[in-house]
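Protein sequence lines, in the order shown, are assigned to chains A and B.
Under this note's numbering, the first sequence has 85 at position 85, and the numbering climbs by one with no breaks.
Quick note: to get this note's numbering, add 112 to the position in the second sequence (first position is 1).
C-beta: ideal position from N, C-alpha, C; glycine also.
Report on the following structure.
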Amino acid sequence: SQQGEEDPQALSIQEGENATMNCSYKTSINNLQWYRQNSGRGLVHLILIRSNEREKHSGRLRVTLDTSKKSSSLLITASRAADTASYFCATDASGNTGKLIFGQGTTLQVKP
Amino acid sequence: GAVVSQHPSWVICKSGTSVKIECRSLDFQATTMFWYRQFPKQSLMLMATSNEGSKATYEQGVEKDKFLINHASLTLSTLTVTSAHPEDSSFYICSNGPAGTQYFGPGTRLLVL
C-alpha cells in the first residue's frame, strides 16, 4: 500500500532554478527518506531525516519534516540538467527495520 | 554504502513459465532483504520481506505461492515468479542494508509475453 501522496506529480523547470517537492504520509514514522530514480534504473538514497529532526541539508538538498502535519519537502537548489529524474519519499514506520513505504513520486525535468 | 546486485537485469519469458531473480548483497550481511515491484510510471510497492533462514513475510495482496522467496544465505535472496502472466510484467527491485539506510539493487525488468 502507498503511504502517501507527493506533489507535484510532475515538475519542469529551467536549469538554475530551485525545485520543491512535497510528500505527505499517513502513519507515525521513525524516519523519512528521499530517493532518486533515473529512468528505468535503481534507486539512489539521497537523504534521511529522523522523526525528531525538522530540517536537514546535504549539498544542494534541503529536507524539512513536519510530523504534526505528516509532511516533508525536498528542495533542490540551483538545479542542473543532471537532476532530471523521479524523486520518491519513503517512510520507515517499522522500527528501523528498513521496510519502506513509498510515496507516488515526483518526476522532475530540468531544462538546460 | 552497501552494494547490491541483481541478476538478470532483464528477462523476457513466455506466459506460464517461471522466472528466478537473484538479489545479492556484495558487502553487507543481510538478514533481511526487501522485494519491491514497480509498474511503469508508478511508485515502488513493497511485495515482501525476505528473512534469512526463515519464511518470507508478504504484504497484503501479494500471493506467496506465486512469488516464491528464498533467503538461504546472508548474501543472497531469490524471488521466483511462478507461472508468469503478462500482468506480472514489471520492474522488480530488491533492497537491503543497515537499519535506516536501504541500498537498492539496479532492478530486474521482466516482460512476460
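Bridge-paired residues (DSSP) for residue i
{"i": "LEU191/B", "result": "ILE133/B and ILE181/B"}
{"i": "MET145/B", "result": "SER162/B"}
{"i": "THR169/B", "result": "THR161/B"}
{"i": "LYS111/A", "result": "GLN14/A"}
Rounded separation between residue i and residue j - CA only
{"i": "PHE179/B", "j": "GLU5/A", "result": "27 Å"}
{"i": "GLY173/B", "j": "GLN118/B", "result": "24 Å"}
{"i": "VAL193/B", "j": "LEU46/A", "result": "31 Å"}
{"i": "PRO218/B", "j": "TRP122/B", "result": "10 Å"}
{"i": "ALA10/A", "j": "LEU48/A", "result": "22 Å"}
{"i": "GLN214/B", "j": "LEU222/B", "result": "23 Å"}
{"i": "THR77/A", "j": "GLU53/A", "result": "21 Å"}
Chain A within 9 Å of residue i, Cβ atoms only
{"i": "MET159/B", "result": "no"}
{"i": "GLN141/B", "result": "no"}
{"i": "GLY219/B", "result": "yes"}
{"i": "PRO210/B", "result": "yes"}
{"i": "SER162/B", "result": "no"}
{"i": "SER207/B", "result": "yes"}
{"i": "LEU186/B", "result": "no"}
Residue i at chain B interface by Cβ criterion, 9 Å
{"i": "SER1/A", "result": "No answer about SER1/A holds up, because its pLDDT of 44 lies below 50 and its placement is not dependable."}
{"i": "TYR35/A", "result": "yes"}
{"i": "HIS57/A", "result": "no"}
Cβ-heavy atom distance, residue i to the ligand FMN, below 8 Å
{"i": "THR64/A", "result": "With respect to the ligand FMN, the structure shown offers nothing to examine, as it has no ligands at all."}
Is the number of C-beta pairs between the segment 127-147 of chain B and the segment 79-87 of chain A that are closer than 8 Å three or more?
no
Taking one C-beta from the segment 20-34 of chain A and one from the segment 86-103 of chain A each time, how about it: are there three or more such pairs within less than 8 Å?
In short, these stretches touch, since the Cβ pair count reaches three.
Evaluate contact between the segment 94-104 of chain A and the segment 153-161 of chain B, counting only Cβ atoms and requiring at least three cross-stretch pairs below 8 Å.
yes
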